[in-house]
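As given, the protein sequences belong to chains A and B, one line each in that order. Note that the working numbering gives residue 322 to position 322 of the first sequence, counting from 1, and the numbers run on in steps of one. Note that the working numbering gives residue 397 to position 397 of the second sequence, counting from 1, and the numbers run on in steps of one. The beta carbon of each residue, even a glycine, is placed where N, CA and C say it ideally should be. One structure is given here, and the rest of the page talks about it.
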Amino acid sequence: MAVLTEEQQMLRDGAQEWVSKRAPVSAFRATRDSGAVFDPALWKEIAEMGWAGMVVPEAQGGSDFGLTGMGLVLEEMGKTLVASPLFISGLVAASAIKSIGNDAQKADWLTKIADGSAIVTLAIDEGTRHNTAQTAMQAQADGDGFTLSGTKVQVIEGIAADAFLVLARTSGAAGDTDGLTLFLVPANSAGITRTQLKTFDSRGHAKVVFDGVKVGKDAVVGTIGGAHAPLEKVLDVARVGIACEMLGLCQQAFDTTLEYLKTRVQFNTILAQFQALQHRMADLFMELQLARSVIEHAVREIDAGGDGAEEAAILAKGFVGDVANKMSRQMIQLHGGIGMTDQYDAGFYIKRSRVLEATFGNQSQQSERWANLHDY
Amino acid sequence: MVYQFVAGRATARPSRNAEKGRSKPMNAQDSQLAAFRAEAREWLAKNFPKSLTGKRDVLMDIAPRYPEGEDWAAWKTAMGDKGWGTPTWPTEYGAGGLSRQEAMILDDEIERIGAFNPIVGMGVNMLGPTLLEFGTDEQRAQHLPLVVRGAVNWCQGYSEPGAGSDLASLKTKAEDKGDHYLVNGQKIWTSGSMYADWCFCLVRTSNDHKHEGISFLLIDMHSPGVEVRPITLISGKQTFAEVFFTDVKVEKGNLVGDLRQGWTIAKRLMQHERNGIGARKVSVGELRPVHEVAKEYIGTDDQGRLSDYDLRARIARHQMWERAQRLTVARVVEESKQGPSEATSVMKNAGSVSIQTREELLMEIMGNRGIGWEGDDYLPVEIEQTRQMLQNKANSIYGGTYEIQANIISKRILGMLDHQ
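Rendered as structure tokens:
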């Protein structure tokens with residue numbers, strides 16, 4: 001565990017305590033069984049504790065604690081699979097508006113994100129794989145503003161969202177990095193239809209159709225046609241945020257599995273006494289340690305905002321994604337039959353892991369980026 | 001025979017890439033080594049004249065002579081006084097007394113700033129190691145401090161007109177005259193003898209046995225009866241010379257080892273020589289990220305991507321793993337300041353996976369140039385890489401095997417036996 005400051009230590013302890021008392025896995029199970037994608041009461045508590053404003057500047061009512069702080073909370077929530085808009089609104093949308101938005105947009109939205117009164121999300125994916133450059137959705141210049149037409153998928157908390165950060169094309173063709181523009185669009189704008197996508201992690205994903213949605217010039221976030229590079233930076237923040245959640249997920253999957261191996265008796269002995277299983281756990285423990293090192297490095301690099309951020313984000317999303325994939329697979333394998341049942345929690349972990357792995361670029365997309373970044 | 005003059009590298013060293021690409025040894029001495037690196041860096045920054053940056057070739061070109069000029073002299077004096085020109089020799093001769101790891105770090109730091117070792121020549125490469133192994137205390141005390149300071153030039157008196165590949169048929173004789181040996185004969189291809197102060201020489205002290213009749217003698221080149229005649233090569237250069245010994249008196253204290261032990265010592269010395277020529281044994285992958293080597297051997301497509309896409313992806317995955325492993329080393333160092341870090345237990349296995357994956361990738365990258373064992377058809381760096389790949393298989397065996405480490409992790413850290 002990293003050497004934490006006193007403030008970070010308090011934050012982590014607070015998150016651990018809240019998660020275990022208020023949001024254990026059983027709480028997620030209850031939410032899932034009810035058909036909801038998150039529990040509004042828990043989201044309210046999260047916001048009241050100030051976590052939604054952790055990357056928001058103090059001027060807009062946040063604590064400006066950075067990803068180092070937010071990452072600790074996301075990791076703890078990852079352990080017990082807490083479903084909430086914290087990641088997409090409190091980290092991703094807040095980071096986007098903070099780094100790309102103008103003063104009016106910051107004033108309008110950051111305060112509301114920080115106090116949890118608004119949920120803002122990204123509407124960027126269109127195809128089967130995350131790829132911002134492949135955006136085809138059109139934003140036609142129309143008088144003083146633009147008309148947006150197209151369909152976005154995999155919009156996180158798209159049903160609950162109060163506003164979307166929509167990526168659309170003001171020029172060029174799918175595949176170009178130039179010509180992409182980001183728009184901040186209130187969810188109640190005319191022409192927006194959203195439907196819930198029932199994904200196997202039971203979280204709030206949506207398909208959002210924009211049918212001639214008219215927005216003013218003031219909806220443009222950043223520069224017209226120049227959204228790609230700044231948005232990718234924001235997405236790297238998001239990728240590290242996801243990796244933090246995956247680390248928590250890995251840790252819990254590992255701990256739960258280890259505990260099971262120490263209690264399950266077969267052949268008159270606990271499974272933990274079998275060397276084949278000991279060695280598998282030793283290897284998983286090794287990878288878990290490497291994953292932790294990668295995360296601690298990544299949150300620091302992101303907060304430092306320097307040249308190392310991109311590589312660190314690629315590493316975090318790619319490497320920790322690989323570890324989460326293996327860990328969640330082994331969780332089921334080592335639990336045997338009970339791991340296959342819906343009644344047991346192991347299934348939650350593999351489902352959540354696979355969604356997180358795919359979100360904003362999977363492992364092979366990250367290794368592709370790694371190779372490109374290193375010029376080979 | 002062609003001998004290497006300089007204790008540097010016979011083979012061109014691959015250009016240095018980002019320091020990040022270096023593989024680091026991983027053990028508890030890490031912080032000590034880091035401290036040494038800082039010390040070396042500081043000392044070099046203070047003492048290496050910037051005007052000499054990148055000028056190693058100037059030295060190589062005129063060795064065994066030494067370039068003139070104030071900065072050149074200052075650099076040699078500084079390194080000589082510090083003893084870092086002969087970093088691993090004992091301090092009692094004024095040498096560095098460094099561990100092998102420290103010496104590698106020093107070498108790294110020297111290279112990092114475009115510096116070089118000014119203490120060069122056969123005294124460093126060949127004579128020194130031989131005296132350390134076979135010499136008397138008097139011989140070491142007389143000769144080593146001068147070598148350490150680069151204050152003496154040595155040459156090697158081995159080949160003769162009739163003794164080339166069949167070196168043991170040499171005829172230069174040393175007769176026992178009671179208090180001294182009387183040497184008569186001729187040596188050839190004696191590199192650097194024109195500038196040499198001393199010669200370590202194979203001489204025949206007995207005719208009754210071909211190999212065991214040979215002894216190892218140190219001869220002062222300034223003695224009466226020594227004549228050096230440079231040989232002009234077709235290039236016009238005079239790198240070699242013939243050396244004639246005519247009734248040269250050599251004190252008996254200059255016999256190294258026992259009488260008749262000369263051949264044994266010569267063979268041993270040739271190993272040092274080969275180490276010197278094999279150069280500081282640079283391998284294909286050393287100092288360079290794997291992908292750089294891959295680009296060279298495999299080539300790229302029109303978008304600059306490695307032509308072998310599967311290999312490209314595996315290299316990326318490996319490098320990410322390697323980075324994660326190094327970040328873990330750094331984390332352990334950081335955490336250990338506060339107390340024991342549980343990540344310590346995974347360091348050896350994580351390191352083994354890293355290095356062995358890397359070596360296997362390099363081997364695959366080199367294709368049929370990666371399977372050479374010896375001979376001129378393969379570059380020395382390729383042969384070294386191949387041997388290093390094999391050598392590093394020991395990495396998951398020594399110091400507790402991979403499986404023993406897994407036992408330790410599962411039992412001591414995860415408590416997988418204590419329970420029940």
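Where residue i falls, given that 16 or more other Cβ within 10 Å makes a residue buried
i, result
"residue 155 of chain A", "buried"
"residue 207 of chain B", "exposed"
"residue 42 of chain B", "exposed"
"residue 186 of chain B", "buried"
"residue 267 of chain A", "exposed"
"residue 188 of chain A", "exposed"
"residue 283 of chain A", "buried"
"residue 198 of chain B", "buried"
"residue 174 of chain B", "buried"
"residue 233 of chain A", "buried"
Beta carbon proximity, residue i to chain A, threshold 9 Å
i, result
"residue 284 of chain B", "no"
"residue 125 of chain B", "no"
"residue 136 of chain B", "no"
"residue 304 of chain B", "yes"
"residue 84 of chain B", "no"
"residue 346 of chain B", "yes"
"residue 415 of chain B", "yes"
"residue 407 of chain B", "yes"
"residue 323 of chain B", "yes"
"residue 338 of chain B", "yes"
Cut-off 6 Å between Cβ atoms - residues of its own chain near residue i, not counting five sequence neighbours on either side
i, result
"residue 46 of chain A", "84, 86"
"residue 344 of chain A", "338"
"residue 366 of chain A", "314, 317, 318"
"residue 230 of chain B", "194, 238, 241"
Residue-level contact to chain B via CB, residue i, 9 Å cutoff
i, result
"residue 362 of chain A", "no"
"residue 214 of chain A", "no"
"residue 286 of chain A", "yes"
"residue 314 of chain A", "yes"
"residue 325 of chain A", "no"
"residue 370 of chain A", "yes"
"residue 236 of chain A", "no"
"residue 60 of chain A", "no"
"residue 12 of chain A", "no"
"residue 253 of chain A", "no"
"residue 137 of chain A", "no"
"residue 290 of chain A", "yes"
Sequence-distant residues of its chain with Cβ nearer than 8 Å to residue i (five each side left out)
i, result
"residue 332 of chain A", "339, 340, 346, 347, 350"
"residue 115 of chain A", "47, 52, 53, 61"
"residue 435 of chain B", "Because chain B spans 1 through 420 in this model, residue 435 of chain B falls outside it and cannot be assessed."
"residue 1 of chain B", "Bear in mind that the predicted position of residue 1 of chain B carries a pLDDT of just 30, short of 50, making it too unreliable to give a figure here."
"residue 193 of chain A", "208, 209, 211"
"residue 17 of chain A", "none"
Integer Cβ distance of residue i from residue j, believed to fall under 8 Å
i, j, result
"residue 126 of chain A", "residue 138 of chain A", "Not quite, the Cβ-Cβ distance comes to about 11 Å (not below 8 Å), so this is no contact."
"residue 290 of chain B", "residue 362 of chain B", "6 Å"
"residue 96 of chain A", "residue 121 of chain A", "The pair is not a contact, with the Cβ atoms about 10 Å apart (cut-off 8 Å)."
"residue 80 of chain A", "residue 28 of chain A", "7 Å"
"residue 315 of chain A", "residue 299 of chain A", "12 Å between Cβ atoms; not a contact."
"residue 311 of chain B", "residue 364 of chain B", "7 Å"
"residue 168 of chain A", "residue 181 of chain A", "6 Å"
"residue 90 of chain B", "residue 80 of chain B", "In fact, because the Cβ distance is near 16 Å, the residues do not count as touching under 8 Å."
"residue 33 of chain B", "residue 105 of chain B", "6 Å"
"residue 323 of chain B", "residue 296 of chain A", "Wrong, their Cβ atoms sit about 13 Å apart, outside the cutoff."
"residue 291 of chain A", "residue 302 of chain A", "The pair is not a contact, with the Cβ atoms about 16 Å apart (cut-off 8 Å)."
"residue 413 of chain A", "residue 217 of chain A", "Given a span of 1 to 376 for chain A in the structure shown, any question on residue 413 of chain A remains unanswerable."
"residue 357 of chain B", "residue 371 of chain B", "Not a contact, Cβ separation roughly 19 Å."
Residues near residue i in its chain [Cβ-Cβ closer than 7 Å; skip 5 each side]
i, result
"residue 247 of chain B", "182, 184, 225"
"residue 329 of chain A", "350"
"residue 174 of chain A", "134, 135, 136"
"residue 380 of chain A", "Absent from the structure is residue 380 of chain A, since the part of chain A shown begins at 1 and ends at 376."
"residue 230 of chain A", "99, 100, 222"
"residue 213 of chain B", "204, 205, 206, 207, 260"
Could I get the ranges of all uninterrupted beta strand (DSSP E) runs contained in the segment 212-259 of chain B, with 3 residues as the minimum, in chain order?
Segments of the beta strand (DSSP E) lying fully in the segment 212-259 of chain B: 214-220, 226-231, 240-251.
Runs of alpha helix (DSSP H) wholly within the segment 309-353 of chain B (minimum 4 residues, chain order):
Segments of the alpha helix (DSSP H) lying fully in the segment 309-353 of chain B: 309-336.
Restricting to runs no shorter than 4 residues, where is the alpha helix (DSSP H) found entirely within the segment 347-395 of chain B?
Counting only runs of at least 4 residues, the segment 347-395 of chain B fully encloses the following alpha helix (DSSP H) elements, listed from N- to C-terminal order: 347-366, 380-391.
Just to confirm the assignment: which complete alpha helix (DSSP H) runs, minimum length 4, are found wholly within the segment 173-201 of chain B?
None, since the segment 173-201 of chain B contains no complete alpha helix (DSSP H) of that length.
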